[in-house]
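Line order of the protein sequences matches chains A and B. If you're matching positions, the first sequence starts at 1 in the numbering used here and goes up one per residue. If you're matching positions, the second sequence starts at 114 in the numbering used here and goes up one per residue. We put the CB at the ideal spot given by N, CA and C, even for glycine. What you are looking at is a predicted structure, and each value in this text was computed from that prediction instead of being measured.
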Amino acid sequence: SQQGEEDPQALSIQEGENATMNCSYKTSINNLQWYRQNSGRGLVHLILIRSNEREKHSGRLRVTLDTSKKSSSLLITASRAADTASYFCATGASGAGSYQLTFGKGTKLSVIP
Amino acid sequence: DTAVSQTPKYLVTQMGNDKSIKCEQNLGHDTMYWYKQDSKKFLKIMFSYNNKELIINETVPNRFSPKSPDKAHLNLHINSLELGDSAVYFCASSRTSGNNEQFFGPGTRLTVL
């Protein structure tokens, strides 16, 4: 299985601080994606980074990918209370004629106002 | 203007019953998915359809039968419900079955008593 594993499982920070979440995976991937899930809601796509990319930015989000270490990190800068949610990494790969996203167990982020 | 919608949002039923969850996307996407999220928030792919054809069928009991009447709809029918089927079920769609972001519905919380 190339399931992503997020670290830490839970993170609590003060508003304005930066939050860093890590993801490790096991096998080759086409891309890695990060999603956010607010309590009781569906997942929302945040950012996709391809296997030949090393870093990507989107607003206050910065994602890095190190394919040699099979790891990725998601940095949220200047966090806000509204960033409180669970964050999931998902590895995308092709196999047996189909493409599949495999999700990790998520990091629960709490941003304290 | 909901992109991916699911009905019902909540479903409470007795063991042994048969139930269906409906999913519709108005994004013009070719590929749709069903995921199961357990109580520990672990999200696992169940099925994927591309243009009404099944392309991913993970190890899911055959009590679960997806049906895609057209590429905008992917319904999930569950026979002989068991306690272990209690979970949140998410429908998702993507532009193609390739390396794309997925758009998730709000989820259906199924409780089997």
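Considering only the beta carbon of each residue, do K153 of chain B and G106 of chain A sit closer than 7 angstroms? In the second sequence, counting from the first residue as 1, residue 153 of chain B sits at position 40. In the first sequence, counting from the first residue as 1, residue 106 of chain A sits at position 106. Result no, Cβ atoms of K153 of chain B and G106 of chain A do not sit closer than 7 angstroms.
Can you look up S210 of chain B in the DSSP assignment and give me helix, strand or coil? By one-based count along the second sequence, residue 210 of chain B stands at place 97. Correct three-state label for S210 of chain B: coil.
Near S161 of chain B, what residues of its chain come up, given a Cβ to Cβ distance below 6 angstroms and the 5 sequence neighbours on each side ignored? Working through the second sequence from its first residue, we reach residue 161 of chain B at position 48. Counting only Cβ-Cβ distances below 6 angstroms, and skipping sequence neighbours, we find Y146, I168 and I169.
Mind reading off the beta-carbon distance from N192 of chain B to R176 of chain B? Whole number of angstroms is fine, and I expect it under 8 angstroms. Numbered from 1 along the second sequence, position 79 holds the residue referred to as residue 192 of chain B. Numbered from 1 along the second sequence, position 63 holds the residue referred to as residue 176 of chain B. Right, the Cβ-Cβ distance comes to about 5 angstroms (below 8 angstroms), so this counts as a contact.
Leaving out five residues on either side along the sequence, give the residues of the same chain with a beta carbon under 7 angstroms from the beta carbon of A116 of chain B. Here residue 116 of chain B refers to the residue found at position 3 when the second sequence is read from its first residue. Cβ within range, chain order: Q138, N139, L140 and F216.
Opening and closing residue of the beta strand (DSSP E) in which F160 of chain B lies: Residue numbering aside, residue 160 of chain B sits at position 47 when the second sequence is read from its first letter. Residues L156 to N163.
Return the chain-ordered list of same chain residues with a C-beta closer than 7 angstroms to the C-beta of K184 of chain B, the five sequence neighbours on each side being excluded. If you number the second sequence from 1, residue 184 of chain B lands on position 71. Contacts found: D143, N164 and K165.
Host beta strand (DSSP E) of P182 of chain B (start-end): Locating residue 182 of chain B in the second sequence gives position 69, counting from the first residue. F177 to D183 is the extent of the beta strand (DSSP E) around P182 of chain B.
Any C-beta of chain A sitting closer than 7 angstroms to the C-beta of N192 of chain B? Taking the first residue of the second sequence as 1, we reach residue 192 of chain B at position 79. No, no contact with chain A.
Cβ-Cβ distance between S68 of chain A and C23 of chain A below 7 angstroms: In the first sequence, the residue the question calls residue 68 of chain A occupies position 68. In the first sequence, the residue the question calls residue 23 of chain A occupies position 23. It is not a contact, given that the beta carbons lie outside the stated cut-off.
Taking buried to mean at least 16 other C-beta atoms within 10 Å of its own C-beta, is F203 of chain B buried or exposed? Mapped onto the second sequence, residue 203 of chain B falls at position 90. Buried is the call here.
Grab the span of the beta strand (DSSP E) containing M145 of chain B for me, first residue to last. For the purposes of this step, residue 145 of chain B is identified with residue 32 of the second sequence, where counting begins at 1. Segment T144 to Q150, the beta strand (DSSP E) holding M145 of chain B.
What residues are listed by DSSP as bridge partners for V63 of chain A? Locating residue 63 of chain A in the first sequence gives position 63, where the first residue counts as 1. For V63 of chain A, which the question treats as bridged, DSSP gives the partners A:K56 and A:L74.
How about S86 of chain A and Q37 of chain A: are their beta carbons less than 7 angstroms apart? The residue you call residue 86 of chain A lines up with position 86 of the first sequence. The residue you call residue 37 of chain A lines up with position 37 of the first sequence. Result yes, Cβ atoms of S86 of chain A and Q37 of chain A sit closer than 7 angstroms.
Opposing strand residues paired with T107 of chain A [DSSP bridges]: Translated into the one-based positions of the first sequence, residue 107 of chain A becomes position 107. Partner(s): A:Y87.
Closer than 7 angstroms, CB to CB, is L156 of chain B near chain A or not? Along the second sequence, one-based indexing puts residue 156 of chain B at 43. Yes - at least one Cβ of chain A is within 7 angstroms of the one on L156 of chain B.
Going along chain B in order, which residues have a C-beta closer than 8 angstroms to the C-beta of N22 of chain A? For the purposes of this step, residue 22 of chain A is taken as residue 22 along the first sequence, with counting starting at 1. None at all; the shortest Cβ gap to chain B is about 17 angstroms.
I169 of chain B CB to nearest chain A CB: under 7 angstroms? Walking along the second sequence from the start, residue 169 of chain B turns up at place 56. Cβ-Cβ to chain A under 7 angstroms: yes for I169 of chain B.
If distances are taken between C-alpha atoms only, which option among A:L46, A:M21, A:E5 and A:A78 comes closest to T27 of chain A? As a first step, residue 27 of chain A is located in the first sequence; it is residue number 27 there, counting from the start. The residue with the shortest Cα to Cα distance from T27 of chain A is A:E5.
Could you check whether the Cβ of L75 of chain A sits closer than 7 angstroms to any Cβ belonging to chain B? Counted from its first residue, the first sequence places residue 75 of chain A at position 75. Chain B, which has no Cβ nearer than 7 angstroms to the Cβ of L75 of chain A, makes this no.
Tell me which same chain residues have a C-beta within less than 7 angstroms of the C-beta of R80 of chain A, skipping the five on either side of it? Here the question's residue 80 of chain A lines up with position 80 in the first sequence. Here the set comprises E15 and V111.
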